[in-house]
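Contents: one structure, followed by commentary.
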Amino acid sequence: MHIAEIDQITINGDSPLHKARAISKLVLTTLLLTSFIVSNELLKLGLLIGLILIFYVISKVRFKQVGHLIIYPIIFSFIFAIIRLQQSWDLGLIILLKSLGSAMSVVLLILTTPYVDIFAVFSLFMPKLLVDILLFTYRSLFILLGQINNLLKSIKLRGGYHPFNILKNLRNIAGAFGVLIIHSFEMSERMYRVYTLRGYDGGIPLTVDLWPLKRIDYIIIIIGIITLLGTVTSWNL
Amino acid sequence: MESLIKVQCLKHIYPDRTQVNICGLDFIVNTGEKIVILGPNGAGKTTLLSHVLGLLSPVEGTVEVMGLRPDKNFNIIRKVIGVVFQNVDEQIIGPRVYDDIAFSLRNERMDKKEIDERVKNVANSLGIGNLLDKIPHYLSGGQKKKVALAGAMVMMPKILILDEPFDSLDPKSKGEMVTLLKHLNEVHGITLIITTHDINVVPEIADKIYVLNNGNIVTYGTPKEVFSDVEVMKEANLEPPILTELFTRLKKKGYSIDIPENLEEAEELLISLLSQQQVQAST
Amino acid sequence: MESLIKVQCLKHIYPDRTQVNICGLDFIVNTGEKIVILGPNGAGKTTLLSHVLGLLSPVEGTVEVMGLRPDKNFNIIRKVIGVVFQNVDEQIIGPRVYDDIAFSLRNERMDKKEIDERVKNVANSLGIGNLLDKIPHYLSGGQKKKVALAGAMVMMPKILILDEPFDSLDPKSKGEMVTLLKHLNEVHGITLIITTHDINVVPEIADKIYVLNNGNIVTYGTPKEVFSDVEVMKEANLEPPILTELFTRLKKKGYSIDIPENLEEAEELLISLLSQQQVQAST
Amino acid sequence: MSHIHLPDGIISPIWWVTGYLLCFTILFFILRKLDGEEIRRKVPMIGIVSAIMLLGMSVPLGIVPVHLSLAVLSGILLGPGFGFIAAFVVNLLLALIAHGGVTLIGLNTLIVGTEIFVGYHLFKAFSKKFSQMPSTVFATSIALVVSMALTVTIVGATAGLVEVIPHHHDHGHVEEEILIEEGIEETVVEESIVSDVKYMVFSGWTALFLILLVGNALESFGTAYIVRFFMKIRPDLIHQVKQ
Ligand SMILES: Nc1ncnc2c1ncn2[C@@H]1O[C@H](COP(=O)(O)OP(=O)(O)OP(=O)(O)O)[C@@H](O)[C@H]1O
Ligand SMILES: Nc1ncnc2c1ncn2[C@@H]1O[C@H](COP(=O)(O)OP(=O)(O)OP(=O)(O)O)[C@@H](O)[C@H]1O
Ligand SMILES: [Mg+2]
Ligand SMILES: [Mg+2]
Chain A
1 MHIAEIDQIT INGDSPLHKA RAISKLVLTT LLLTSFIVSN ELLKLGLLIG LILIFYVISK
61 VRFKQVGHLI IYPIIFSFIF AIIRLQQSWD LGLIILLKSL GSAMSVVLLI LTTPYVDIFA
121 VFSLFMPKLL VDILLFTYRS LFILLGQINN LLKSIKLRGG YHPFNILKNL RNIAGAFGVL
181 IIHSFEMSER MYRVYTLRGY DGGIPLTVDL WPLKRIDYII IIIGIITLLG TVTSWNL
Chain B
1001 MESLIKVQCL KHIYPDRTQV NICGLDFIVN TGEKIVILGP NGAGKTTLLS HVLGLLSPVE
1061 GTVEVMGLRP DKNFNIIRKV IGVVFQNVDE QIIGPRVYDD IAFSLRNERM DKKEIDERVK
1121 NVANSLGIGN LLDKIPHYLS GGQKKKVALA GAMVMMPKIL ILDEPFDSLD PKSKGEMVTL
1181 LKHLNEVHGI TLIITTHDIN VVPEIADKIY VLNNGNIVTY GTPKEVFSDV EVMKEANLEP
1241 PILTELFTRL KKKGYSIDIP ENLEEAEELL ISLLSQQQVQ AST
Chain C
2001 MESLIKVQCL KHIYPDRTQV NICGLDFIVN TGEKIVILGP NGAGKTTLLS HVLGLLSPVE
2061 GTVEVMGLRP DKNFNIIRKV IGVVFQNVDE QIIGPRVYDD IAFSLRNERM DKKEIDERVK
2121 NVANSLGIGN LLDKIPHYLS GGQKKKVALA GAMVMMPKIL ILDEPFDSLD PKSKGEMVTL
2181 LKHLNEVHGI TLIITTHDIN VVPEIADKIY VLNNGNIVTY GTPKEVFSDV EVMKEANLEP
2241 PILTELFTRL KKKGYSIDIP ENLEEAEELL ISLLSQQQVQ AST
Chain D
3001 MSHIHLPDGI ISPIWWVTGY LLCFTILFFI LRKLDGEEIR RKVPMIGIVS AIMLLGMSVP
3061 LGIVPVHLSL AVLSGILLGP GFGFIAAFVV NLLLALIAHG GVTLIGLNTL IVGTEIFVGY
3121 HLFKAFSKKF SQMPSTVFAT SIALVVSMAL TVTIVGATAG LVEVIPHHHD HGHVEEEILI
3181 EEGIEETVVE ESIVSDVKYM VFSGWTALFL ILLVGNALES FGTAYIVRFF MKIRPDLIHQ
3241 VKQ
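Protein chains in written order, with our numbering: chain A, 1 to 237; chain B, 1001 to 1283; chain C, 2001 to 2283; chain D, 3001 to 3243.
Below is the structure:
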């Protein structure tokens, strides 16, 4: 499960980027994304990717760990790029770089900022209940992941999983999800009860320190702004 | 003295029409007591606790906590009762340990500084002060139990309800939990209500035992009283603690010996018996 | 004789980079043995079992079951090993008890009639013949464990692996489970590998104990041998069973007495000691 | 669940901004229409169903990386309103791991939301006449076709028809080897990448059509098996029954 895996990397990360506040990183990501979206020049896109790579180096996440996470968006941008390539080389490459870059920007964010911190920033402008649902999804994901893993293990041990017999697997895996849904429905009722017991009335409070911004945060934001400005202004080389 | 909790001949019907009766003797808890509820799987222990907490409403019978019906006075009762359910994963809400412990306090809109102080105090007293900014699902089972306990303790409840608190803990963690609970009771005067299948810790942790079986509270009393009622115990699928059983058997064989509460006592009793024998025999 | 299972200095890395070592002594299981694995929470007991089952692949070290690597020969190994995991709710897949017990057989495309026969036989021998058309979800904890056990037994495995089989069972169900497991071992010659935190049942159910701690198998031996190694036990967060501890203490005080396996033995030993004392003293 | 797997920067801003606006408007009304107590009671369930959708996408059905997406199922469990919220949550979380662009969250939520809406109502309608197995199969299947068509239309209208790669979740998910924890997974990954590209680019539309058909059938029957399973045990879980 990618989300669980990423979460683990993020939680254990230790770099200036990991220490920076969530807000500045979200701002940076937004600015980088905007840069990739508005830019249509190969050179600029290339430089932008270079900048992101530098951020990756600073973040100290090992490529071995995250490489396969970026593969997925790469495949998709690749498909587009190839189609475009049939029209023009440049266009294809631009598409490739744009999608690659925007995917890398988002992955950079998620690899350096725990989900909870991101949700905390969301809570500044999102309805409380929506943030609660996000937090619940995040928590349940880990609880249910353990359960479905056990169910699948058991299916596998009892000969219910054949790499090539998809129809049979479909039935058995559907059974596992059936069990999971029943359990989780009961779990949701128990959860609701305990939460009201503890005074839940909509709005799970978060203590993520969003403020004050530190020096590193200003640096990050300024780099982001400069990048965007650099992207939108036309260069006269 | 008014009793803190009083349950009389409860009847509950779950949505799927499973009917649970908890009749027979009354379930009464007084301030400061350590109560253990025993009974076979499915006897209704968790159901009883849910009623005390006001999470369920009885079809018949009365449930009173401090003279109030908990289901009708949910928002009063929930502040005086802390609870740790069996599956702690399902009750940890906070995205971080700190948030989770602070959850109830924040819902009371308490002052930020006081929250901080209380959270840290509780966490330190339970030995999880260093976990405050961890994300709960990366903790071990025992740590999660302590976080849940801290979340309950932070409201400084009068009553603490624990459903199977020793489940799947290793012996050391279990010992720590026992010590902790006894400390909370002795030092902070918190009334404890505990269910467990781990019968061997019961003598140490219980002032009073209630035994549920077949829809009835079939007996109650001190551990010694209850465990010596062999008939009732057997009927309720229960076995007395090993030491109780061993010493009861010795007693039956004609040796005059007390029933010990824990290992230390057992050792002392045996040794004094052994030396008595010597003395007796030699005189 | 070739050993049935052999694990040497295992190293496992979970996807999240948690590294689990099970090094030190070798883990060896011979046919017909009853093995119990002890160790604190997070020691790697479940991880070890998953490797034996071929569910995980070691990064380093060797795992052999009947001379084969279980991960590479998963489809052979899984037929000789039956498993009951800790949380039976997460392994019962059939919508009815019958379906669940028949699950493996159906996956082998066995003849309908034979399936029926086998399922009924196993169910009857575990005393759940009357539950076959029940929905597992609504069974009690003990009944669910038996259903899971039946689902594992129906393939007539040589080895049965049980991760915390006594968890959250009431004393009677626990006793039944112990009897059942011993019966499977004695009558059907099934090799048992069990993990548990319930140390008091260990002397009764174990021929050999392995103790895991801090990434190592730190000791192994008969219950008597292992439990008397106080240092190792303490280090691994373990406590010896109550009776073992009590009798060891008596021994230390100078009484010559054996260490009992169960209550009956303990009683006998004590009584004979007591009467000896009398005799000794009076002579 | 079909959703647009386009990265950011390809679809023109007018479209995705409109998508966002529409999505937020719908969310706003859903959240407002419900009184506090009802939705609060539902918060854990919505979170859990969202998590189940994410899990469905991460369990491969075999060595070929196809898997379930369970959008219609979540509609059957939650109803279309809460289902829409779940769709938003799922797409948001997916976008955060770069499965679909951040700019496309709005559009993707609309597409999945539509699938849920259509699936739920069809299921409800069919259930009056047929038993739950065929009802689920048809409802899921049709809902999938609808959302697929929607995807094609949107992508076609916005990015030029050439790039229309309607993507049912039945390939290319290189992720999550819950089941196959060892050995085989490496080859799975390699193969799927290669086969994806091959199918998409070289074998053209016929292959694509076949894949979609198979994907549709798997999803429909998978959903039906799940529904049949819990109908035996907890029929009350179906949203409409409770109404
Ligand atoms: N949510 C529920 N819906 C329907 N029936 C239930 C529910 N919870 C419990 N029951 C049933 O009510 C009875 C009492 O269950 P309860 O959980 O109170 O027992 P318990 O004494 O806590 O058992 P255990 O020792 O196994 O925890 C059982 O028959 C159980 O199957
Ligand atoms: N799926 C997993 N992903 C990551 N780490 C894991 C996973 N399963 C176990 N671990 C870690 O591996 C270590 C060994 O865990 P394991 O479950 O084998 O211990 P155990 O001896 O069975 O403990 P317990 O007595 O609590 O069941 C622990 O540190 C645990 O946190
Ligand atoms: Mg209970
Ligand atoms: Mg374990």
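Where a beta carbon is used, it is the ideal one built from N, C-alpha and C, also for glycine.
Residues that DSSP places opposite residue i in a beta bridge
i	result
C:Gly2082	C:Leu2160
C:His2012	C:Val2020
C:Phe2027	C:Val2007
B:Leu1212	B:Ile1217
B:Leu1038	B:Val1211
C:Pro2136	DSSP, once it has assigned bridges, lists no residue as partnering C:Pro2136.
Within chain C, the residues that residue i reaches when beta carbons sit closer than 8 Å
i	result
D:Phe3229	Pro2095
Backbone secondary structure at residue i - three-state DSSP
i	result
D:His3173	For D:His3173, the predicted structure reports a pLDDT of 35, less than 50, and the residue's modelled location is therefore unreliable. A value from the coordinates is still provided. In this structure, D:His3173 counts as coil in the three-state DSSP scheme.
B:Leu1238	coil
C:Gln2019	strand
C:Gly2127	coil
A:Gly101	helix
D:Ile3014	helix
C:Thr2196	coil
C:Thr2062	strand
B:Pro1203	helix
D:Met3200	The pLDDT assigned to D:Met3200 is 42, lower than 50, so where the model puts this residue is not dependable; a value taken from the coordinates is nonetheless given after this. In this structure, D:Met3200 counts as helix in the three-state DSSP scheme.
C:Leu2068	strand
Same chain, Cβ closer than 7 Å to residue i, five either side skipped, listed in chain order
i	result
D:Val3194	Unreliable positioning characterises D:Val3194 in this predicted model, as indicated by a pLDDT of 37, which lies under 50. A coordinate reading is not provided.
C:Val2178	Val2201, Glu2204, Ile2205
C:Asn2237	Pro2040
D:Ser3135	Phe3123, Phe3126, Ser3127
C:Phe2085	Gln2091, Asp2163
D:Leu3070	Ile3052, Met3053, Gly3056, Thr3223
A:Val232	Val38
C:Ile2093	Asp2100, Phe2103
Check whether residue i and residue j have beta carbons under 8 Å apart
i	j	result
C:Leu2131	B:Asn1041	no
C:Lys2208	C:Gly2221	yes
C:Leu2160	C:Met2066	no
A:Leu33	D:Leu3054	no
D:Ile3039	A:Leu129	yes
C:Ile2037	C:Leu2048	yes
C:Leu2246	B:Gln1277	no
D:Gly3101	D:Asp3008	yes
Chain A contact residues for residue i, given Cβ-Cβ distances below 9 Å
i	result
D:Ser3050	Ile133, Leu134, Phe136, Thr137, Ser140, Leu141
D:Leu3022	Within 9 Å Cβ-Cβ: nothing; D:Leu3022 doesn't reach chain A, min ~16 Å.
Proximal residues of chain A, C-beta to C-beta of residue i below 8 Å
i	result
B:Gly1151	Arg198
Beta-carbon neighbours of residue i, restricted to chain D and to distances below 9 Å
i	result
A:Lys98	Pro3007, Asp3008, Gly3009, Ile3010
Chain-order list of residues whose beta-carbon lies under 6 Å from that of residue i (same chain, five-residue window excluded)
i	result
A:Leu238	No answer is possible for residue 238 of chain A: it lies beyond the span of chain A, which begins at 1 and ends at 237.
C:Gly2061	Gln2008, Cys2009, Leu2010, Lys2011
D:Ile3105	Asn3091, Leu3092, Ala3095
Contact list for residue i against chain A, beta-carbon separation under 7 Å
i	result
C:Asp2089	His183
B:Leu1053	Leu197
C:Asp2016	Glu5, Gln8
Sequence-distant residues of the same chain with beta carbon closer than 8 Å to residue i, five excluded per side
i	result
B:Ile1242	Asn1200
Contacts that residue i makes with chain D (C-beta to C-beta distance below 8 Å)
i	result
C:Ile2135	Lys3232, Ile3233
Within chain B, partners of residue i - CB distance below 9 Å
i	result
A:Ile11	Lys1134, Ile1135, Tyr1138
Chain-ordered neighbours of residue i on chain C, where CB pairs are closer than 7 Å
i	result
A:Lys64	Ordered by position in chain C, no residue passes the 7 Å Cβ test against A:Lys64, which lies about 11 Å from the chain.
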